[in-house]
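Chains W and Z, in that order, give the protein sequences.
Residue numbers for the first sequence follow UniProt numbering, so the first one is 1 and each next one is one higher.
Residue numbers for the second sequence follow UniProt numbering, so the first one is 1 and each next one is one higher.
There are 2 protein chains.
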Amino acid sequence: MISSLKRFLIGRPLKSTELGEQRLNKKKALAILSSDALSSVAYGPEQILIVLATVGAAAFWYSLPIALGVLILLIALILSYRQIIFAYPHGGGAYMVSKNNLGITPGLISGGSLLVDYILTVAVSVSAGTDAITSAFPALHAHNVMIAVFFVLFITLLNLRGLTESATILAYPVYLFVVALFILIGVGGYTILTGQVSPELHTPMGTTVTGLSLFLLLRAFASGSSALTGVEAISNAIPNFKEPAPNNAAKTLIAMGSLLGILFSGIILLAYFYGIAPSEEVTVVSQIAEGVFGRNYVYYFIQGTTALILILAANTGYSAFPLLAVNLAKDKFIPRMFTIRGDRLGYSNGIIILGFLSILLIIAFKGRTEQLIPLYAVGVFIPFTLSQTGMMVKWFRERPKGWLPKLLINSTGALISFSVTLIFFLTKFNQVWPVLIFIPIMITLFKKIRKHYDEIAEQLRISTCEEATPIQGNIIIIPIAGITRVVENSLNYAKSLSPQQIIAVHISFDKEEQKKLEEKWGQWQTGVRLVSLHSLHRSIIQPLTKFIDSIERRTTGSNYQVTVLIPEFIPKKGWHHILHNQSSFLIRTVLLHRKNVVVATVPYHLKK
Amino acid sequence: MISSLKRFLIGRPLKSTELGEQRLNKKKALAILSSDALSSVAYGPEQILIVLATVGAAAFWYSLPIALGVLILLIALILSYRQIIFAYPHGGGAYMVSKNNLGITPGLISGGSLLVDYILTVAVSVSAGTDAITSAFPALHAHNVMIAVFFVLFITLLNLRGLTESATILAYPVYLFVVALFILIGVGGYTILTGQVSPELHTPMGTTVTGLSLFLLLRAFASGSSALTGVEAISNAIPNFKEPAPNNAAKTLIAMGSLLGILFSGIILLAYFYGIAPSEEVTVVSQIAEGVFGRNYVYYFIQGTTALILILAANTGYSAFPLLAVNLAKDKFIPRMFTIRGDRLGYSNGIIILGFLSILLIIAFKGRTEQLIPLYAVGVFIPFTLSQTGMMVKWFRERPKGWLPKLLINSTGALISFSVTLIFFLTKFNQVWPVLIFIPIMITLFKKIRKHYDEIAEQLRISTCEEATPIQGNIIIIPIAGITRVVENSLNYAKSLSPQQIIAVHISFDKEEQKKLEEKWGQWQTGVRLVSLHSLHRSIIQPLTKFIDSIERRTTGSNYQVTVLIPEFIPKKGWHHILHNQSSFLIRTVLLHRKNVVVATVPYHLKK
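As structure tokens, this is what we get:
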């Protein structure tokens, strides 16, 4: 039943050979991998204005030079990441670059921050999208958390169904959003150019503003830069592209950068000319749309696609997280299960963990995840800085043909990213300090896991020189609860192994019951010795381990192996299990961990 | 670590022979088993007044005849249950009486209703007590649910520590409450008798009241009767008494009945003479206490002990539920695990389940469990009615010496209980209808469980005539993931069993990896054949079961047994488990359930 539900939800398992068909063409990849970056257009310009508004509307013209700064940063990042794509065509992005050029710890800092960041992306963007929807339908407001969780589950499921399928479904809303914003910018720009917008709405550039500090400007710049989170996603997800993967990825990256740049500048300019002030109730994009179109169907189209893209921004996390996790898992810094492909050839463990953790975050923050945005931005700029620095080192070390311009691009990227990171710490320390705690914890954990795997590998390696000593004989212990067909079945099996000795052990809590069983056993005549152990404390495990100890003591010197054979009947229906004593599970777990005995379960299948 | 935490929380395990010391003397038993009934005094009179208040203060004098009715019902119930105690000295109360005299279904209705009722008792009384506390400290109000859950956990833990220990701790508050109310009734009565209370405060008896219907009076009576829930608890818990258990239980029952009668009448009379009207903010008992003492330390003493007893009323559930569950489990209507005594000789599974389910209820109702009170009252009066009817049948059938007065007592009890049940359905149908749904569901479930146990017993019985056919040979399959010491260890063990055939099976997802392994295996020269299976869908289970099928087909005709030997390394620390593939768990579970193979785990213990 469970397996047919699974089939229904995620589809039939795909063959490993179908992997090629699961790769994305540029159009779909752009939709899936840029939804995070593009969605930032919906709130990035607003973030700048919110900071400037603390001084007054006169300061709004500063949004233009600030936006210019963000654009320069965008260009530097896009060009830098383009180089990373060609240098590390198997993906892994910042993690691979940092690890290979700067060392393991910087690599882990990059990889770890990004892993956490993708979880934050999912939580933050789905919550923001849900907010947008419940603002339109206030009756739903009380169910914010539930709706957000539902969306996460939905996106998780889509991703478990496989990449191409989710891309096909999710591409539409992304392109609709782009079209919607192009219409908005086009029509809005036309009205401005034709002088239909009153020039009194905006303060002219260069107006002096009292009370505006450098600190505030930097803060506004940092806030605006958070619109650039997500540009690294493509570099992590190169293996998802159709061949030639690096070329396609690079082209997609350029397309994304251009779209992002145009939309971001457009919104900033419109906001400036329409003299829009950020408000608690209505978003900046919504105000612009209302100014340009009034509240007609185009307005609702823009609002609707914006809500959708906010939710779908989460999908970028779903594409990048599992692939980044694979890279970390292959290097044994996180559990190996992240390297296993699921039924639909996606790395399903990564997808499921990502969904699970972001649901936890949404519930913990009761759907109010805005507080996490700065944390999330700084979590991206740290790996930005590290990866560009790594590329600098690489060019300097390898000096291939034409390395100087490349070095220059990455140096610019590194410098600006580093500055933004610093600005974040300087201007928003009270929101970003957790990074300073969780990054070291994460690095320690990664290294501990690696150490464990290394130790295991060491211990499991077979050295050809020493041979294992053969086992000289077997002693079989069968714990029994009564005289039944199940026990008969196990005795039968034990005899077929022709061991040195078979001992049935009965642990009783009650002297009378014990006597009765012993008598019955005598009459049964199986030829197997029964040992009765009385348990004063009504524990099964304790007397059993003691008994095994005594047997081991008796056989010291010779290499005897003790096997515990557990007779177990298997009911026909799953729910019947709760009706039966779970002792066998307990016995198996405890004995395997505490003693050097083999534990075997001999099933007896019931017919009804 | 877990086991030492357990030791700390519930104490060292007790020997089965210490059972006698865990029994209760009358004083402690009265405290533990009557807390539920006595606590009703804190709200029972109020319930009557609330119904009467809907007509007006002039109707309050009706509380006196209604209280008289409740008292008569109380006397009938106490005398009836006294007879049940002697007739069924091993406990089980209403369940045993109904089952033995009326049949299995009535028995299950009684037992099932009471089981659910004890869960409701715990949830309702702890929530009420928490309310009383947070009313005094409004700052805590937002944490109601958490505080209630904490109390449930606390009481659960106390009960897991064992009966005598919890009784010792919980006896004080119960007796303090009784003392507090005696002081209140004594001083209050004195002031009334000495004429210090203005006679204008109360409407004289016999005043005609317009708008008072019979329906309303019945409703008030039913509400007042809910103060009698809990009087059945002693009859369920007889085995917890010191010997002679039935005599001690009967005496405790009489003591409880007398206390309950005196306190209930006292509060009703005081409320009447002080002319107290029920209010949303202040309870009736609190108003009386304020009227008698003003807000001095005696007032706070009364309030404090009232809050405490409301919480401790839950404890009655903890004494009665597990013992009732034992009776049902012995008859195989609920899982057998309820018959197992825990470390401290209490039926810990019952205690834990009770705590767990009441916490669920508290969380589901967000601590506002008052809505459950009528449900809970009707859940008691159904077994009241059935058990008294059962006793009637018993006396009529057996006709022992002096059976007529006994029959009379039980008939009265049955008649009144039945009337109250009817009144509940007539006057509060919108609150009690769920009973009509969940009782049939429960009965069906009980019978299904019984049927399952019966079928199992049938299938497991060994018939002496047919002998099991001996196994002719063993085939051992070892699924391997690589060539390691763990595999070496398993091969070594397999060889020691001298089976007909050993086959190592490797399931690969990757052709290249497969080739490499095959080569390495060849060089290793173990003498064991390696079968490589390629899994197109990256599943381990599917190719493995198919392979086992093919082996079974080959050996049809001869009675060969297939054993799957799973090599497993056991890491030193528990948390390391999550770092390793859980395939072995999956293989074991699936194979045991689907195929007739023995599954053995060969552990390889790591040193670091």
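Just so it is clear, CB atoms sit at the ideal spot from N, CA and C, and this is done for glycine as well.
- With 16 or more neighbouring CB atoms inside 10 Å of its own CB, residue 232 of chain W falls in the buried class.
- Residue-level contact by beta carbon fails for residue 144 of chain W and chain Z, as no gap is shorter than 7 Å.
- Three or more Cβ pairs closer than 8 Å define a contact, and the stretch 139-154 of chain Z falls short of that threshold against the stretch 243-259 of chain Z.
- Between residue 502 of chain Z and chain W, the shortest Cβ-Cβ separation is not below 7 Å.
- Short of 8 Å from the beta carbon of residue 592 of chain Z, and not among the five residues preceding or following it, lie these beta carbons of its own chain, in chain order: 599.
- Just measuring C-alpha positions, the residue of W/341, W/10 and W/222 sitting nearest residue 154 of chain W is W/10.
- When DSSP states are grouped into helix, strand and coil, residue 334 of chain W belongs to the coil group.
- Distance from residue 253 of chain W to residue 81 of chain W at the Cβ level is roughly 6 Å; contact confirmed, criterion being Cβ atoms closer than 8 Å.
- Residue 95 of chain Z sits away from residue 103 of chain Z, with the two beta carbons spaced by 7 Å or more.
- For the C-beta of residue 354 of chain Z, not a single chain W residue is nearer than 7 Å; the gap to the nearest is close to 17 Å.
- Taking C-beta atoms as the reference points, residue 569 of chain W and residue 486 of chain W count as a pair closer than 7 Å.
- Partner residues in the beta bridge of residue 474 of chain W, as assigned by DSSP, are W/561.
- In terms of CA proximity to residue 356 of chain Z, Z/118 leads the group Z/118, Z/41 and Z/471.
- Check the Cα spacing between residue 533 of chain Z and each of Z/545, Z/394 and Z/462: the tightest is with Z/545.
- Of the candidates W/595, W/32, W/425 and W/137, the residue whose Cα lies closest to the Cα of residue 561 of chain W is W/595.
- Interface annotation, residue 519 of chain Z: not in contact with chain W, CB-CB separation never under 7 Å.
- Neighbours of residue 453 of chain Z across chain W, judged by C-beta separation under 8 Å: 579.
- When DSSP assignments are scanned along the stretch 227-305 of chain Z, no uninterrupted stretch of beta strand (DSSP E) that is 3 or more residues long falls wholly within it.
- Within the stretch 19-42 of chain Z, not one residue has a Cβ closer than 8 Å to any Cβ of chain W.
- Taking a contact as a CB-CB distance under 8 Å, the pair residue 33 of chain W and residue 237 of chain W counts as one, their CB atoms being some 6 Å apart.
- Taking a beta-carbon distance threshold of 7 Å, residue 564 of chain Z does not count as an interface residue toward chain W.
- Across the structure, residue 27 of chain W and residue 158 of chain W are spaced so that their CA atoms are roughly 18 Å apart.
- Cα atoms of residue 455 of chain Z and residue 443 of chain Z: separation of roughly 18 Å, rounded to the nearest angstrom.
- Within a 10 Å sphere around the beta-carbon of residue 249 of chain W sit 16 or more other beta-carbons, which makes this residue buried.
- The shortest CA-to-CA distance from residue 299 of chain Z to any of Z/182, Z/332 and Z/338 is the one to Z/182.
- The beta-carbon of residue 459 of chain W is placed less than 7 Å from the nearest beta-carbon of chain Z.
- Segment contact: the stretch 331-345 of chain Z against the stretch 57-69 of chain Z, fewer than three CB-CB distances shorter than 8 Å; contact not assigned.
- Judged by beta-carbon spacing, residue 326 of chain W lies within the 7 Å limit of residue 339 of chain W, meaning their Cβ atoms are closer than that value.
- Residues of chain W whose Cβ lies closer than 7 Å to the Cβ of residue 492 of chain Z are, in chain order, 468, 470 and 471.
- Here residue 604 of chain W carries a strand assignment [DSSP, helix/strand/coil].
- The alpha-carbon of residue 40 of chain W is positioned some 16 Å away from that of residue 288 of chain W.
- Contact between residue 223 of chain Z and residue 51 of chain Z holds: their C-beta atoms lie close to 5 Å from each other, under 8 Å.
- Contact of residue 601 of chain Z with chain W is assigned, a C-beta pair being separated by under 7 Å.
- Only buried fits residue 291 of chain Z, as 16 or more other CB atoms lie within 10 angstroms of its CB.
- In the pairwise beta carbon analysis, the stretch 209-217 of chain W is classified as not touching the stretch 340-351 of chain W: fewer than three pairs are separated by under 8 Å.
- In the same chain as residue 99 of chain Z, and ignoring 5 residues on each side of it, the C-beta atoms closer than 6 Å to its own belong to 107, in chain order.
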